[in-house]
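One structure is given here, and the rest of the page talks about it.
Here's what the structure looks like:
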């Protein structure tokens, strides 16, 4: 069972995928284990965030906890999460926004005795 419904994850993944830098293969022979897909690691990170579980609990045969942490650090260093946060805030403002016309503010300041 997914951590979040697909109608929430798919738009987020589309934006996230556009921000991921291309990966260069530096192996001289090109004969190493294939890279775990970014989508799989992204789904595991969402599970960690939503469920509050540890990386070791979320990891399985498809993706190790070390890979999840390594890819998370790589994406943090690339500034992807900062850009994604800004995109999410802008989208929220566009879709929902703040309705301030019915907002009332009241306050009282008293001196402590």
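In our numbering, the protein residues as written are 25 to 137. Using N, Cα and C, we set each Cβ at its ideal position, and we do this for glycine too.
Restricted to the segment 96–130, the alpha helix (DSSP H) segments that are unbroken, complete and at least 4 residues in length are 104–119, listed in chain order. Residue 45 carries a coil assignment under DSSP once its states are collapsed to helix, strand and coil. The alpha-carbon of residue 74 is positioned some 22 Å away from that of residue 101. Here DSSP, grouped into helix, strand and coil, assigns residue 57 to coil. Judged by DSSP secondary structure, residue 137 falls outside any alpha helix (DSSP H); it is assigned neither H nor E. In the three-state reduction of the DSSP assignment, residue 64 falls in the helix class, which pools H, G and I.
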